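*Asks:* Residue numbers (this note's numbering), protein chains in the order written: chain L, 55 to 391; chain Y, 64 to 225. Ideal placement from N, C-alpha and C gives every residue a C-beta, glycine not left out. Predicted model, so just to flag it, every value in this text is computed and none were measured.
(1) What does a CB cutoff of less than 8 Å around residue 357(L) pick up in its chain, not counting 5 residues either side in sequence?
(2) Using DSSP's beta-bridge definition, name the partner residues of residue 291(L).
(3) Taking Cβ positions, are residue 322(L) and residue 112(Y) nearer each other than 9 Å?
(4) Can you give me the C-alpha to C-alpha distance between residue 172(L) and residue 166(L), rounded to a whole angstrom?
(5) If you draw a straight line from the alpha carbon of residue 258(L) to that of residue 359(L), how long is it in whole angstroms?
(6) Flag residue 113(Y) as yes if its beta-carbon sits less than 9 Å from any beta-carbon of chain L, otherwise no.
(7) For residue 224(Y), go through chain L and note every residue whose CB falls closer than 9 Å to its CB, in chain order.
(8) Would you please state the rounded distance, in angstroms, between the beta carbons of residue 324(L) and residue 304(L)? I believe it to be under 8 Å.
(9) With DSSP run on the structure shown, which of helix, strand or coil describes residue 367(L)?
(10) What are the start and end residues of the beta strand (DSSP E) that includes residue 349(L)?
(11) With a 10 Å radius around its C-beta and 16 neighbouring C-beta atoms as the bar for buried, classify residue 328(L) as buried or exposed.
(12) How big is the Cα-Cα spacing for residue 169(L) and residue 225(Y)?
(13) Distance cutoff 9 Å, beta carbons only. Does residue 74(Y) sit that close to anything in chain L?
(14) Based on the DSSP output, what are the partners of residue 357(L) in its beta bridges?
(15) Measuring CA to CA, which of 85(L), 194(L) and 117(L) is closest to residue 121(Y)?
(16) Between 191(Y), 109(Y) and 174(Y), which lies nearest to residue 65(Y) when the distance is taken from Cα to Cα?
(17) Tell me where the beta strand (DSSP E) around residue 328(L) begins and ends.
(18) Using a 10 Å radius around the Cβ and a threshold of 16 neighbouring Cβ atoms, would you call residue 68(L) buried or exposed?
(19) Output yes or no for whether 9 Å exceeds the beta carbon distance between residue 229(L) and residue 133(L).
(20) For residue 80(L) and residue 153(L), what's the separation of their Cα atoms in angstroms?
(21) Roughly how far, in whole angstroms, is the beta-carbon of residue 95(L) from the beta-carbon of residue 116(Y), given that I think they are within contact range, below 8 Å?
(22) My output table needs one value for residue 299(L): the three-state DSSP class, helix, strand or coil.
(23) Could you tell me which chain L residues have their CB closer than 7 Å to the CB of residue 131(Y), listed as they occur along the chain?
(24) May I ask you to report which of helix, strand or coil DSSP gives residue 108(L)?
(25) Residues of chain L with CB under 8 Å from residue 128(Y), in chain order?
(26) Quick one: using the 10 Å Cβ neighbour count with 16 as the cut-off for buried, is residue 148(Y) buried or exposed?
(27) Return the CA-CA distance between residue 152(Y) and residue 95(Y), expressed in angstroms with no decimal places.
(28) Can you list the beta strand (DSSP E) stretches of 3 or more residues lying completely in the stretch 215 to 290 of chain L, in chain order?
(29) Look at the Cβ atom of residue 205(Y), then the Cβ atom of residue 107(Y), and state whether they are nearer than 9 Å.
(30) If you drop the 5 nearest sequence neighbours on each side, which residues of the same chain put their C-beta closer than 8 Å to that of residue 267(L)?
(31) Looking at the unbroken beta strand (DSSP E) that takes in residue 335(L), where does it start and where does it end?
(32) So what does DSSP say about residue 116(L), is it helix, strand or coil?
(33) Should residue 180(L) and residue 283(L) be called a contact, given that it needs their Cβ atoms to be closer than 9 Å?
(34) For residue 221(Y), I'd like the list of residues in its chain whose CB is within less than 8 Å of its CB, leaving aside the five on either flank, ordered along the chain.
(35) Could you check how far apart the C-beta atoms of residue 188(L) and residue 246(L) are, in whole angstroms? I think they sit under 8 Å.
(36) Using beta carbons (cut-off 9 Å, strictly below), is residue 116(Y) in contact with chain L?
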């Protein structure tokens, strides 16, 4: 049997990766993107006292991770449904007795537009704090989504006027743009880790480890130490001593470069604020909490331990007992030794 | 003065103006005057860094991106401080937070970008030229009525957003 010789094809994934890399190299996008950030910043600050509440909502502080991906998935799902219903209407739907797919497509499209607007609001709130290549890819991702949304809105108005064919073409082209844009969004998450918890390796050591003399940690100061090769940042506030992970969950900023402000540890790069005792996010853009370990003082030494499952049974005592004994413990899931 | 000296000196000036501002009685005319001086110099600082110094260090892209993020953080905290009433118990703490974030940025910048890391290797002539360019721009902005109006108008707007 004769075999046909084929030229060596590059895998699709490689070509796509090259496109993303090329976008990430477009440094000329930085200036307009910083200008856009300035406008956004003014807009968020115009919310006044509600600013943190709104940005926390959009960043996903309440959810523990960004809100943008689930909203984008919802948008993609219903917009895909719109395209499928349009295809149905254009083929099978013309027969007598078939369902009114055009009507359903219009409703699905309306929901898709709303979901896209939600994804845009959450996405831009996350994007404004990204850096370098991710920022450029994110900007193109946003612009593509904006173009697709404009097409969806146009398609929706065409449907209202009974122009089904135009409307279907508009939605179809919009969906193709959304798919390309979705690839860029996926790259930001899976290749760059945007939106993922970047706080790094957790301390699992189950036994208490003395790390620093308590006199060496003044109030409202941070101190970095290592336990079993894992970086830990110690801090002392009015509430006592606590120990947290060394990297910000948002974009891995070194928390040792941060500072304590009224009982909150502040990220040095984007200003995320975490409760010094629990690691809970007080203010984004970080959505995930800062991992917090157990800490106590014994015999003049600060001791820490992680949340290893094989932790030895802790001595039972209440927070009040510890406070009265001069020992304050803090940790994940409210664990008090 | 070369670019490094210009920046170090300006950090010192900002620190000094910050000290003067925070010790002036809240709500007083002196406090307003000191705040205005600080805001103008802060704006000038952002401009010379964003427009002159950082572009010259473009190869240190990661550090420049971080510096931009820090500018944003300072600006956001400034907005919070400006909209806090002098009668509020949070007034002094918010301005102290502003000075903290400003100092943290200056310290990190002096640690990481003055001088910048390899592969950036600015010659003495280039540093002098950059320093002159920054000083000239600072003088222009200090004499500019538009700059004063711009900073004042922005502060007034931010104060309105309660």
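*Replies:* Reading off the structure:
(1) Here residue 357(L) corresponds to residue number 303 of the first chain, with the count starting at 1. Taken in chain order, the residues that qualify are 262, 263, 264, 265, 349, 350 and 351.
(2) Counting from 1 along the first chain, the entry for residue 291(L) is found at position 237. DSSP lists 294(L) as partners of residue 291(L).
(3) For the purposes of this step, residue 322(L) is taken as the residue at position 268 of the first chain. For the purposes of this step, residue 112(Y) is taken as the residue at position 49 of the second chain. Contact flag unset, no.
(4) Your numbering for residue 172(L) matches position 118 in the first chain. Your numbering for residue 166(L) matches position 112 in the first chain. If you take the alpha carbons of residue 172(L) and residue 166(L), they lie about 10 Å apart.
(5) As a working mapping, residue 258(L) is identified with position 204 in the first chain. As a working mapping, residue 359(L) is identified with position 305 in the first chain. Cα to Cα, residue 258(L) sits roughly 7 Å from residue 359(L).
(6) For the purposes of this step, residue 113(Y) is identified with residue 50 of the second chain, where counting begins at 1. Yes, its Cβ sits closer than 9 Å to a Cβ of chain L.
(7) Stepping through the second chain from its first residue, residue 224(Y) is reached at position 161. Ordered by position in chain L, the residues that pass the 9 Å Cβ test against residue 224(Y) are 99, 100, 101, 102, 103 and 105.
(8) Translated into the one-based positions of the first chain, residue 324(L) becomes position 270. Translated into the one-based positions of the first chain, residue 304(L) becomes position 250. Contact holds; Cβ gap of about 6 Å.
(9) The count along the first chain starts at 1 and reaches residue 367(L) at position 313. Note on residue 367(L): pLDDT 42, under 50, position unreliable in the model; no value is reported.
(10) Along the first chain, one-based indexing puts residue 349(L) at 295. First-last of the beta strand (DSSP E) with residue 349(L): 346 to 352.
(11) By 1-based counting over the first chain, the position of residue 328(L) is 274. It counts as buried.
(12) Taking the first residue of the first chain as 1, we reach residue 169(L) at position 115. Taking the first residue of the second chain as 1, we reach residue 225(Y) at position 162. Going from the Cα of residue 169(L) to the Cα of residue 225(Y) covers about 30 Å.
(13) What you label residue 74(Y) is simply residue 11 of the second chain in a count that begins at 1. Cβ-Cβ to chain L under 9 Å: no for residue 74(Y).
(14) Indexing the first chain from 1 puts residue 357(L) at position 303. DSSP, once it has assigned bridges, lists 264(L) and 350(L) as partnering residue 357(L).
(15) Numbered from 1 along the second chain, position 58 holds the residue referred to as residue 121(Y). Cα-wise, what sits closest to residue 121(Y) is 85(L).
(16) What you label residue 65(Y) is simply residue 2 of the second chain in a count that begins at 1. When only C-alpha atoms are compared, the closest one is 191(Y).
(17) Locating residue 328(L) in the first chain gives position 274, counting from the first residue. Run containing residue 328(L): 327 to 329, per the beta strand (DSSP E) assignment.
(18) Start at 1 with the first residue of the first chain, and residue 68(L) comes out as number 14. Exposed, by the Cβ-count rule.
(19) By one-based count along the first chain, residue 229(L) stands at place 175. By one-based count along the first chain, residue 133(L) stands at place 79. Their beta carbons are under 9 Å apart, which means residue 229(L) touches residue 133(L) by this criterion.
(20) In the first chain, residue 80(L) corresponds to position 26, counting from 1. In the first chain, residue 153(L) corresponds to position 99, counting from 1. If you take the alpha carbons of residue 80(L) and residue 153(L), they lie about 48 Å apart.
(21) Locating residue 95(L) in the first chain gives position 41, where the first residue counts as 1. Locating residue 116(Y) in the second chain gives position 53, where the first residue counts as 1. In fact, because the Cβ distance is near 21 Å, the residues do not count as touching under 8 Å.
(22) On the first chain, position 245 is the one that residue 299(L) refers to. Residue 299(L) falls in the strand class under three-state DSSP.
(23) Translated into positions along the second chain, residue 131(Y) becomes position 68. The contacting residues are 88.
(24) Position 54 of the first chain, counted from the start, is the residue given in the question as residue 108(L). Helix at residue 108(L).
(25) Counted from its first residue, the second chain places residue 128(Y) at position 65. Result: 185, 186 and 189.
(26) One-based indexing of the second chain puts residue 148(Y) at position 85. That one is exposed.
(27) If you number the second chain from 1, residue 152(Y) lands on position 89. If you number the second chain from 1, residue 95(Y) lands on position 32. When rounded, the distance between both Cα atoms is 18 Å.
(28) 263 to 267 and 276 to 281
(29) In the second chain, the residue the question calls residue 205(Y) occupies position 142. In the second chain, the residue the question calls residue 107(Y) occupies position 44. Yes, Cβ-Cβ distance for residue 205(Y) and residue 107(Y) is below 9 Å.
(30) Along the first chain, one-based indexing puts residue 267(L) at 213. 354, 355 and 356, listed in sequence order.
(31) Translated into the one-based positions of the first chain, residue 335(L) becomes position 281. First-last of the beta strand (DSSP E) with residue 335(L): 335 to 337.
(32) Within the first chain, the letter at position 62 stands for residue 116(L). Coil.
(33) In the first chain, residue 180(L) corresponds to position 126, counting from 1. In the first chain, residue 283(L) corresponds to position 229, counting from 1. No. Outside cutoff.
(34) Working through the second chain from its first residue, we reach residue 221(Y) at position 158. Cβ neighbours of residue 221(Y) beyond the five flanking positions: 141, 142, 145 and 146.
(35) Indexing the first chain from 1 puts residue 188(L) at position 134. Indexing the first chain from 1 puts residue 246(L) at position 192. Right, their Cβ atoms sit about 5 Å apart.
(36) Numbered from its first residue, the second chain carries residue 116(Y) at position 53. Chain L, which has no Cβ nearer than 9 Å to the Cβ of residue 116(Y), makes this no.
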